[in-house]
Amino acid sequence: MSKVYTFTNGGFTDKYDHITKGRYVIAADIDGYIYKSYESALGREVPLKDHIKCMIEANAGAHYYAQNAYTEKYSRIKTLVDLNKLKINRRDQEGKPCRNAYICLGYVSGGKCWHIDTGLCNNQEKDVWAAFFCDFGLGQPKEVTFKDIAEFNTDKYPNARYFETEVDISGCTDKKDVVKCVYRFLDENRKILGEIAATCEKEAGEVFTRNNGKPMVRFVRFMSLIPRTGRLEDDDADGTYLDAAMEELILDGLPWTDEYLDYVWSVQEANITNLQISNLGNNPLGNDIDAISIIHNVQVG
Numbered sequence: 000m001s002k003v004y005t006f007t008n009g010g011f012t013d014k015y016d017h018i019t020k021g022r023y024v025i026a027a028d029i030d031g032y033i034y035k036s037y038e039s040a041l042g043r044e045v046p047l048k049d050h051i052k053c054m055i056e057a058n059a060g061a062h063y064y065a066q067n068a069y070t071e072k073y074s075r076i077k078t079l080v081d082l083n084k085l086k087i088n089r090r091d092q093e094g095k096p097c098r099n100a101y102i103c104l105g106y107v108s109g110g111k112c113w114h115i116d117t118g119l120c121n122n123q124e125k126d127v128w129a130a131f132f133c134d135f136g137l138g139q140p141k142e143v144t145f146k147d148i149a150e151f152n153t154d155k156y157p158n159a160r161y162f163e164t165e166v167d168i169s170g171c172t173d174k175k176d177v178v179k180c181v182y183r184f185l186d187e188n189r190k191i192l193g194e195i196a197a198t199c200e201k202e203a204g205e206v207f208t209r210n211n212g213k214p215m216v217r218f219v220r221f222m223s224l225i226p227r228t229g230r231l232e233d234d235d236a237d238g239t240y241l242d243a244a245m246e247e248l249i250l251d252g253l254p255w256t257d258e259y260l261d262y263v264w265s266v267q268e269a270n271i272t273n274l275q276i277s278n279l280g281n282n283p284l285g286n287d288i289d290a291i292s293i294i295h296n297v298q299v300g
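Quick note on numbering: the sequence shown equals residues 0 to 300 in numbering that gives the first Met the number 0.
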């Protein structure tokens, strides 16, 4: 069992609070790397303690996060996953699933329904890749149930080569906050095999605050392989692994490159053998591509 460290219980060291880039150690042997720590609203770099530290999930498996500037300028993000390039083992020595994989987009905002995670996951008893929508208070979408979303998977579309997902908040009005997520399975020629949408509406202000009448949002992307139980103490050196990439990352129709990102960091660097985030890694695959290789061989905590 892993020893649990959290920000709220005082388990994080303050030794690296001042850094804005480079390797950090947050607790015991749990390390990570800050690729970028910049606040566009201030126009300058900010230290670990001012933003990233309170968001570090030390015992949630190896992962990374990339966060945009918090702004009203953008309303849509999109990405493509080549299913043939995914490699995963999420099972323990007894063959039981012990971790869940997530390849996701999302956002953080200023309302009480302040974030979502959405995209592609492998989190069921059977090893299938499925659409994923974690609403964090938005509620069930208008068009589909949560069960419908979970069943939109590679079992249903065995000939799918690609998975595409997008998040669109352009439908917001003065009276409504509107979040629309779209999921598509595509064949090798990019022909759509199946598509579903998940749209949630709230009263204006429940999800987004506004500037100049437009919703303020910090768009996010991440990939992770987390303990399936949800218990932090189960974050063990279990040999599970994930190789994954998000390609054709798009922000309002343009390549979603690192120039738009404010905060980028990894957690459990010892269990990450390769990480490329746009142009921020040592061997970038493209300015609109993120790629990660995780293998949980190092016990943390």
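Even glycine gets a Cβ: it sits at the ideal position worked out from N, Cα and C.
Pair within 9 Å by beta-carbon distance, residue i and residue j
i           : j           : result
residue 104 : residue 166 : yes
residue 183 : residue 106 : no
residue 255 : residue 31  : no
residue 80  : residue 163 : yes
residue 45  : residue 37  : yes
residue 110 : residue 176 : yes
residue 131 : residue 101 : yes
residue 2   : residue 200 : no
residue 266 : residue 87  : no
residue 74  : residue 171 : yes
residue 328 : residue 193 : As displayed, the chain neither begins before 0 nor continues past 300, which places residue 328 out of reach and without an answer.
residue 78  : residue 247 : yes
residue 286 : residue 70  : no
Among the options, the one whose alpha carbon lies nearest that of residue i
i           : options            : result
residue 220 : 15, 64, 41, 242    : 64
residue 97  : 76, 271, 60        : 60
residue 82  : 294, 203, 243, 43  : 243
residue 296 : 241, 131, 123      : 241
residue 205 : 146, 173, 233, 197 : 173
residue 9   : 45, 53, 272        : 53
residue 225 : 218, 217, 235      : 235
residue 72  : 214, 256, 291      : 214
residue 0   : 58, 51, 266        : 58
residue 68  : 279, 260, 230      : 260
residue 121 : 111, 271, 152      : 152
residue 114 : 149, 230, 135      : 135
residue 89  : 137, 124, 20, 211  : 124
residue 298 : 108, 66, 29        : 29
residue 112 : 27, 39, 202        : 202
Residue i versus residue j: straight-line alpha-carbon distance, rounded
i           : j           : result
residue 99  : residue 300 : 20 Å
residue 274 : residue 227 : 23 Å
residue 76  : residue 169 : 11 Å
residue 5   : residue 158 : 42 Å
residue 249 : residue 208 : 23 Å
residue 160 : residue 185 : 6 Å
residue 84  : residue 222 : 14 Å
residue 288 : residue 196 : 24 Å
residue 154 : residue 127 : 7 Å
residue 293 : residue 187 : 26 Å
residue 116 : residue 14  : 31 Å
residue 271 : residue 290 : 11 Å
residue 284 : residue 245 : 11 Å
residue 50  : residue 262 : 8 Å
residue 198 : residue 140 : 5 Å
residue 138 : residue 146 : 13 Å
residue 144 : residue 278 : 38 Å
residue 39  : residue 276 : 19 Å
residue 150 : residue 95  : 21 Å
Assigned exposure category for residue i - 16 Cβ within 10 Å defines buried
i           : result
residue 41  : exposed
residue 92  : exposed
residue 281 : exposed
residue 22  : exposed
residue 7   : exposed
residue 268 : buried
residue 258 : exposed
residue 25  : buried
residue 118 : buried
residue 11  : buried
residue 191 : exposed
residue 47  : buried
residue 17  : exposed
Residue i beta carbon near the ligand ADP (any heavy atom closer than 8 Å)
i           : result
residue 140 : The ligand ADP is not among the ligands present in this structure, which contains no ligands whatsoever.
Neighbour flag for residue i against chain D, beta carbons, 9 Å
i           : result
residue 156 : Here chain D cannot be found, since the structure has a single protein chain.
>> Give the list of continuous alpha helix (DSSP H) stretches no shorter than 4 residues that lie fully inside the segment 189-220.
In response: none
>> To test your reading of the DSSP string, which unbroken beta strand (DSSP E) runs of 3 or more residues are found completely within the segment 217-243?
In response: 217-226
> Curious, which full-length beta strand (DSSP E) runs of at least 3 residues does the segment 117-147 contain?
Replying inline: 129-133
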